[in-house]
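Trainee: One structure follows; several queries about it will come next.
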Amino acid sequence: MDPTTLHTINSIEALKARFFRALDTKEWAEFESTLADDIEVDHTALGGHQATGASNYTALLQEDYDGTVTVHDAHMPEIELTAADSAVGTWAMQVLLVRPDGQRLLAFGHHQDTYGLQDGRWLITTSASTRLQVDES
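Residue 26 in the numbering used here is what sits at position 26 of the sequence shown, and the numbering runs on without skipping anything.
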């Protein structure tokens with residue numbers, strides 16, 4: 001793999017790391033900065049939302065996770081460049097949610113994203129999630 005491709009893949013991996021860190025620390029402006037303005041999100045396979053637009057998606061998560069401790073762990077990235085300014089990626093996922101009432105959810109699955117290079121920055125342009133296993137207590 002050539003150095004440019006490696007650098008691009010590393011940039012996309014760092015983007016996804018910022019996405020989850022900002023989500024879990026509830027740094028909403030930073031979170032939104034990882035998203036394309038016209039992002040398309042489909043979390044219906046999780047019983048969640050469909051959303052269009054970075055601000056709409058961020059607002060939905062702010063409401064959904066109000067008072068909830070979240071811990072997202074994305075690993076084993078499979079990133080493929082589809083053009084000089086676009087890529088697709090699949091990430092194995094583990095998430096722990098602890099709701100204000102103490103209800104806990106531990107889930108395992110995958111995130112499927114597309115990425116676009118916009119104004120010199122990689123952004124998430126679409127995102128969908130699936131679950132393989134969910135444990136609730």
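Ideal Cβ placement from N, Cα and C applies to all residues, glycine included.
Just tell me which of Ala45, Arg99, Ala51 has its CA closest to the CA of Thr125.
Mentor: Here residue 125 refers to the residue found at position 125 of the sequence shown. Closest option to Thr125, Cα to Cα, is Ala51.
Trainee: Please report the distance separating the alpha-carbon of Gly19 from that of Thr4.
Mentor: Residue numbering aside, residue 19 sits at position 19 when the sequence shown is read from its first letter. Residue numbering aside, residue 4 sits at position 4 when the sequence shown is read from its first letter. Gly is not the amino acid found at residue 19; the sequence shown has Phe there. Rounded to the nearest angstrom, the two C-alpha atoms are 23 Å apart.
Trainee: Given a cut-off of 8 Å on the beta-carbon distance, is the pair Pro77 and Gly89 in contact?
Mentor: To locate residue 77, count along the sequence shown from 1; it is residue 77. To locate residue 89, count along the sequence shown from 1; it is residue 89. Yes. Within cutoff.
Trainee: Across which residues does DSSP place Met93 in a beta bridge pair?
Mentor: Numbered from 1 along the sequence shown, position 93 holds the residue referred to as residue 93. Partner(s): Ala74, Gly109.
Trainee: I believe Ala74 touches Leu81 by the beta-carbon criterion, under 8 Å. Please report the beta-carbon distance rounded to the nearest angstrom.
Mentor: If you number the sequence shown from 1, residue 74 lands on position 74. If you number the sequence shown from 1, residue 81 lands on position 81. At roughly 19 Å, the Cβ-Cβ gap does not stay under 8 Å, so Ala74 and Leu81 are not in contact.
Trainee: Excluding five sequence neighbours on each side, which residues of the same chain lie with their C-beta closer than 7 Å to the C-beta of Gln94?
Mentor: Counting from one through the sequence shown, the residue named residue 94 turns up at place 94. The residues are Asp73, Phe108.
Trainee: Run through the segment 21-88 for me and flag every whole alpha helix (DSSP H) of 4 or more residues, listed as ranges in chain order.
Mentor: DSSP runs (the alpha helix (DSSP H)) wholly in the segment 21-88: 28-32, 54-64.
Trainee: To the nearest angstrom, how far is it from the Cα of Ser98 to the Cα of Asp2?
Mentor: On the sequence shown, position 98 is the one that residue 98 refers to. On the sequence shown, position 2 is the one that residue 2 refers to. Looking at the sequence provided, one finds Val at residue 98 rather than Ser. Approximately 42 Å, taken between the alpha carbons.
Trainee: Considering just the uninterrupted stretch of the beta strand (DSSP E) at Ser127, what are its terminal residues?
Mentor: Looking up residue 127 in the sequence shown gives position 127. Segment 121-136, the beta strand (DSSP E) holding Ser127.
Trainee: According to DSSP, which residues form a beta bridge with Gln103?
Mentor: As a first step, residue 103 is located in the sequence shown; it is residue number 103 there, counting from the start. The partner list for Gln103 (beta bridge, DSSP) is empty, contrary to what the question assumes.
Trainee: In angstroms with no decimal places, state the Cα-to-Cα distance between Gln103 and Thr70.
Mentor: Here residue 103 is taken as the residue at index 103 of the sequence shown, counted from 1. Here residue 70 is taken as the residue at index 70 of the sequence shown, counted from 1. Approximately 12 Å between the Cα atoms of the pair.
Trainee: Find out if the Cβ-Cβ distance for the pair Ala36, Ala54 is shorter than 8 Å.
Mentor: Reading the sequence shown from its first residue, position 36 is the one you call residue 36. Reading the sequence shown from its first residue, position 54 is the one you call residue 54. Result yes, Cβ atoms of Ala36 and Ala54 sit closer than 8 Å.
Trainee: Please report how far the alpha carbon of Gly67 lies from the alpha carbon of Lys26, in whole angstroms.
Mentor: The residue you call residue 67 lines up with position 67 of the sequence shown. The residue you call residue 26 lines up with position 26 of the sequence shown. Straight-line Cα distance between these residues: approximately 10 Å.
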